[in-house]
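Enquirer: Below is a structure I'd like to ask you about.
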Amino acid sequence: MYKVERDRWIKHIDFLLSDILCVEIAFVLAYMMKNGWSNLMDVEEYRHIAVILLFLPVCISFFTEPYSGVLRRGWVKEFVQTVKDVCMLMALLFVYMFVLKITDQYSRLVISTFAIMAILILYIGRCLNKYLIRRRQEKGKIFDYLILVCEKKDVERVVDKLLINQYGPLKLSGVILADVTTDSEDFAKCPKKVNGVPVVAVQDTMMEYFRTHVVDDVMLHLKTQNVTALAKQLVIMGINVHVKINQVFDEKLKCTADRINGISVLTTTMKRISKGELFLKRAMDICGGLIGVFFTAIIFLFIAPIIYIQSPGPIFFSQQRVGKNGRKFKIYKFRSMYPDAEERKKELMEKNKMSGFMFKVDHDPRIFPFGNFIRKTSLDEFPQFFNVLKGDMSLIGTRPPTVDEYEQYELHHKGRLAMKPGLTGMWQASGRSNITDFEEVVKLDTEYIRNWSLGLDIKILFKTAMMVLVGKGAE
Numbered sequence: 001m002y003k004v005e006r007d008r009w010i011k012h013i014d015f016l017l018s019d020i021l022c023v024e025i026a027f028v029l030a031y032m033m034k035n036g037w038s039n040l041m042d043v044e045e046y047r048h049i050a051v052i053l054l055f056l057p058v059c060i061s062f063f064t065e066p067y068s069g070v071l072r073r074g075w076v077k078e079f080v081q082t083v084k085d086v087c088m089l090m091a092l093l094f095v096y097m098f099v100l101k102i103t104d105q106y107s108r109l110v111i112s113t114f115a116i117m118a119i120l121i122l123y124i125g126r127c128l129n130k131y132l133i134r135r136r137q138e139k140g141k142i143f144d145y146l147i148l149v150c151e152k153k154d155v156e157r158v159v160d161k162l163l164i165n166q167y168g169p170l171k172l173s174g175v176i177l178a179d180v181t182t183d184s185e186d187f188a189k190c191p192k193k194v195n196g197v198p199v200v201a202v203q204d205t206m207m208e209y210f211r212t213h214v215v216d217d218v219m220l221h222l223k224t225q226n227v228t229a230l231a232k233q234l235v236i237m238g239i240n241v242h243v244k245i246n247q248v249f250d251e252k253l254k255c256t257a258d259r260i261n262g263i264s265v266l267t268t269t270m271k272r273i274s275k276g277e278l279f280l281k282r283a284m285d286i287c288g289g290l291i292g293v294f295f296t297a298i299i300f301l302f303i304a305p306i307i308y309i310q311s312p313g314p315i316f317f318s319q320q321r322v323g324k325n326g327r328k329f330k331i332y333k334f335r336s337m338y339p340d341a342e343e344r345k346k347e348l349m350e351k352n353k354m355s356g357f358m359f360k361v362d363h364d365p366r367i368f369p370f371g372n373f374i375r376k377t378s379l380d381e382f383p384q385f386f387n388v389l390k391g392d393m394s395l396i397g398t399r400p401p402t403v404d405e406y407e408q409y410e411l412h413h414k415g416r417l418a419m420k421p422g423l424t425g426m427w428q429a430s431g432r433s434n435i436t437d438f439e440e441v442v443k444l445d446t447e448y449i450r451n452w453s454l455g456l457d458i459k460i461l462f463k464t465a466m467m468v469l470v471g472k473g474a475e
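Here the sequence shown is numbered in UniProt numbering, starting from 1 and rising by one per residue.
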């Protein structure tokens, strides 16, 4: 996982300003539908909210990037994204009103009408904005002319991809086949067009084409060793050069251009994540951790005496675990096993039902009777909210292995530790301890990391809560 600075909300400032305008229009209309047209926003409390609504879309844009890929989204996807953004806006508005204790000053009808109006007007505004951008593109007013330099075997696939996503300021106006020359046998077989885009030159005629035609940008989709000299020539001619970064790394890897202490680099990682997204995840962890610690204190009062009566010894169990990228930390739980559980673990290894580097046995004799209950109900996990507050763990993540399990990991297993470990995660929400194949656990954990989002965290949190309530999968 890699933290990156992002400024896409600045790139799409037109959409941000449009959204702010649409939100204000929706709020004014919702107010007037209840209070009439004559007394337009004459109540100070509503003027106050109207001002706050100017800033909420900016906050959402900064932290969640609602405009990422906005020009490529279809009608349905745009509507879904609009609903998500309005839900986020309403959540922030409710938090603001709740913190200031002003919720009773506002009509529920106005607020609910505003939410519905915001979805409709925001959706119409975004669609209209995209329509106007595309009309301007079609008239050539905002196009820069892009030439693709590519090998013949890749050209159709690359052109397809460029055309599907052609909503930005670059227009693909021609293709150059870099591995064909005018005196080769392949020259006669060259297509005149590739998916409607003309083939304008080949290897030995392309520099003449660049000299005599309007070319703003060139994309080089070539093997790395063939790029440097050509790129240098094009830059000297004043042409912008774009090199497909996956020519350096495997195409499945996510790459980005970056600077480290003044040195330009290409960075590839399992998952790129912005500081804003990290901030929101940590904020969610702190809020959830505080609530969890409160309930842990209440649970302690009830279960501590029972634990001590059934198995005299410490109420809490602590153990060294392995966290993000191999960092070690102490994890806390309510003790559910007899004090000599770790010593007896070796005797039970042959009964381990997990394949790989995890340990679990049916009817574990190390667990005392009440321990079975707190494990079944997941009450033993509550002290881990202290780990969440400390920053060793997150609410959602991958489960942290013990040190002896970690020491047996193969190279690809370590990938599941690319994020902070969590109280629950993808594999727990998909069956929790019912999954016995460790490779399946690794697969689900790496899938979680590669596809991470705040929405996915919330989804996993709710799925896990439902499983705990019905007692499914916990042991």
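Ideal Cβ placement from N, Cα and C applies to all residues, glycine included.
None of these values were measured; they are calculated from a predicted model.
1. Residue ranges of each beta strand (DSSP E) run of no fewer than 3 residues wholly in the region 91–152, ordered along the chain?
2. State the start and end residues of the unbroken alpha helix (DSSP H) segment that holds residue 275.
3. Here's the rule: buried if 16 or more other CB atoms are within 10 angstroms of the residue's CB, otherwise exposed. What is residue 91?
4. Quick one: what's got a C-beta closer than 6 Å to residue 123's C-beta in the same chain, skipping five residues either side?
5. Would the beta-carbon of residue 383 fall within 7 Å of that of residue 333?
6. Out of 237, 338, 325, 144, state which residue places its alpha-carbon closest to the alpha-carbon of residue 406.
7. The beta strand (DSSP E) with residue 179 in it runs from where to where?
8. When the Cα atoms are used, what is the spatial distance from residue 476 to residue 388?
9. What separation, rounded to the nearest whole angstrom, lies between the Cα atoms of residue 466 and residue 215?
10. So what does residue 415 bridge to, in DSSP terms?
11. Provide the residue(s) that pair with residue 533 in DSSP beta bridges, ordered along the chain.
12. Distance check for residue 283 and residue 60, CA to CA, integer angstroms please.
13. Considering just the uninterrupted stretch of the beta strand (DSSP E) at residue 240, what are its terminal residues?
14. Report all residues from its chain with a CB closer than 7 Å to the CB of residue 6; omit the five preceding and five following residues, and keep chain order.
15. With a threshold of 8 Å, are at least 3 pairs of Cβ atoms found where one atom belongs to the region 25–32 and the other to the region 113–121?
16. Contact defined as beta carbons within less than 8 Å: I believe residue 203 pairs with residue 179. What is the distance between those atoms, to the nearest angstrom?
17. Can you name the residues that DSSP bridges to residue 217?
18. Below 8 Å on the Cβ atoms is my guess for residue 401 versus residue 322; work out the distance and round it to an integer in Å.
19. For residue 394, which three-state DSSP category applies?
20. Within the same chain, show all residues whose beta-carbon is closer than 8 Å to that of residue 190, passing over the 5 residues directly before and after it, in chain order.
21. Could you give the DSSP three-state label for residue 70: helix, strand or coil?
22. For the putative contact between residue 146 and residue 172, defined by C-beta atoms under 8 Å, what is the C-beta separation to the nearest angstrom?
23. To which residues of the same chain is residue 192 closer than 8 Å at the C-beta, ignoring the five residues directly before and after it?
24. Distance check for residue 111 and residue 46, CA to CA, integer angstroms please.
25. Give the secondary structure of residue 80 by DSSP, where H, G and I count as helix, E and B as strand, and everything else as coil.
26. Please name the residue in 393, 390, 297 whose C-alpha comes closest to that of residue 379.
27. Excluding the 5 residues preceding and the 5 following residue 371 in the sequence, name in chain order all residues of the same chain whose CB lies nearer than 7 Å to its CB.
28. By the 10 Å Cβ neighbour count, where 16 or more other Cβ atoms means buried, how is residue 311 classified, buried or exposed?
29. Can you check which of these residues, 459, 414, 126, is closest to residue 75 by C-alpha distance?
30. Measure the alpha-carbon distance for residue 211 versus residue 144 and round it to whole angstroms.
31. Would you mind sorting residue 206 into buried or exposed? The rule is 16 or more other CB atoms within 10 Å of its CB.
32. Got a sec? Which residues, its chain only, sit under 6 Å from residue 344 by beta carbon, not counting five neighbours each side?
33. Since residue 194 sits in a beta bridge, which residues does DSSP pair it with?
34. Suppose you measure from the CA of residue 70 to the CA of residue 300; what does that come to, to the nearest Å?
35. Give the secondary structure of residue 477 by DSSP, where H, G and I count as helix, E and B as strand, and everything else as coil.
Expert: Concretely, from the data shown:
1. 144–150
2. Looking up residue 275 in the sequence shown gives position 275. Counting along the chain, the alpha helix (DSSP H) containing residue 275 begins and ends at 275–310.
3. Looking up residue 91 in the sequence shown gives position 91. So residue 91 ends up on the exposed side.
4. Counted from its first residue, the sequence shown places residue 123 at position 123. Cβ within range, chain order: 79, 82.
5. Residue 383 sits at position 383 when you count from the first residue of the sequence shown. Residue 333 sits at position 333 when you count from the first residue of the sequence shown. Yes, they are a contact pair.
6. Numbered from 1 along the sequence shown, position 406 holds the residue referred to as residue 406. Cα-wise, what sits closest to residue 406 is 325.
7. Stepping through the sequence shown from its first residue, residue 179 is reached at position 179. No beta strand (DSSP E) contains residue 179, which DSSP labels as neither H nor E.
8. Past the edges of the chain, shown from 1 to 475, lies residue 476, and the structure says nothing about it.
9. Taking the first residue of the sequence shown as 1, we reach residue 466 at position 466. Taking the first residue of the sequence shown as 1, we reach residue 215 at position 215. One C-alpha to the other measures close to 58 Å.
10. Here residue 415 refers to the residue found at position 415 when the sequence shown is read from its first residue. DSSP output for residue 415 lists no bridge partner at all.
11. No answer is possible for residue 533: the residues shown for the chain start at 1 and end at 475.
12. Here the question's residue 60 lines up with position 60 in the sequence shown. Here the question's residue 283 lines up with position 283 in the sequence shown. Looking at the two C-alpha atoms, the distance is approximately 15 Å.
13. For the purposes of this step, residue 240 is taken as the residue at position 240 of the sequence shown. That run of the beta strand (DSSP E) goes 240–243.
14. Position 6 of the sequence shown, counted from the first residue, corresponds to residue 6. Bear in mind that the predicted position of residue 6 carries a pLDDT of just 47, short of 50, making it too unreliable to give a figure here.
15. yes
16. Position 203 of the sequence shown, counting from 1, holds the residue named residue 203. Position 179 of the sequence shown, counting from 1, holds the residue named residue 179. That pair is a contact at about 7 Å.
17. By one-based count along the sequence shown, residue 217 stands at place 217. DSSP, once it has assigned bridges, lists 146, 240 as partnering residue 217.
18. Residue 401 sits at position 401 when you count from the first residue of the sequence shown. Residue 322 sits at position 322 when you count from the first residue of the sequence shown. Indeed they touch by this definition, with Cβ atoms about 5 Å apart.
19. Position 394 of the sequence shown holds residue 394. Residue 394 falls in the strand class under three-state DSSP.
20. Stepping through the sequence shown from its first residue, residue 190 is reached at position 190. Taken in chain order, the residues that qualify are 152, 177, 180, 199, 202.
21. Residue numbering aside, residue 70 sits at position 70 when the sequence shown is read from its first letter. Of the three classes helix, strand and coil, the one that applies to residue 70 here is helix, per DSSP.
22. In the sequence shown, residue 146 corresponds to position 146, counting from 1. In the sequence shown, residue 172 corresponds to position 172, counting from 1. Sure, about 5 Å apart at Cβ, within 8 Å.
23. Residue numbering aside, residue 192 sits at position 192 when the sequence shown is read from its first letter. Taken in chain order, the residues that qualify are 198, 199.
24. Numbered from 1 along the sequence shown, position 46 holds the residue referred to as residue 46. Numbered from 1 along the sequence shown, position 111 holds the residue referred to as residue 111. Answer to the nearest angstrom: the Cα atoms are 10 Å apart.
25. In the sequence shown, the residue the question calls residue 80 occupies position 80. If DSSP states are grouped into helix, strand and coil, residue 80 belongs with the helices.
26. On the sequence shown, residue 379 is found 379 positions in, with the first residue counted as 1. When only C-alpha atoms are compared, the closest one is 297.
27. Here residue 371 refers to the residue found at position 371 when the sequence shown is read from its first residue. For residue 371, where only same-chain residues beyond five positions count, the Cβ hits under 7 Å are 336, 337.
28. Residue 311 sits at position 311 when you count from the first residue of the sequence shown. By the neighbour-count rule (16 or more Cβ atoms within 10 Å), residue 311 is buried.
29. Within the sequence shown, numbered from 1, the residue matching residue 75 stands at position 75. Closest option to residue 75, Cα to Cα, is 126.
30. Here residue 211 refers to the residue found at position 211 of the sequence shown. Here residue 144 refers to the residue found at position 144 of the sequence shown. Taking the straight line from one Cα to the other gives about 16 Å.
31. Mapped onto the sequence shown, residue 206 falls at position 206. Under this definition residue 206 is a buried residue.
32. The residue labelled residue 344 in the question sits at position 344 within the sequence shown. Answer for residue 344: 366, listed in chain order.
33. The residue you call residue 194 lines up with position 194 of the sequence shown. 197.
34. In the sequence shown, the residue the question calls residue 70 occupies position 70. In the sequence shown, the residue the question calls residue 300 occupies position 300. So the two alpha carbons sit approximately 49 Å from each other.
35. In the structure as shown, the chain starts at 1 and stops at 475, and residue 477 therefore has no counterpart that could be examined.
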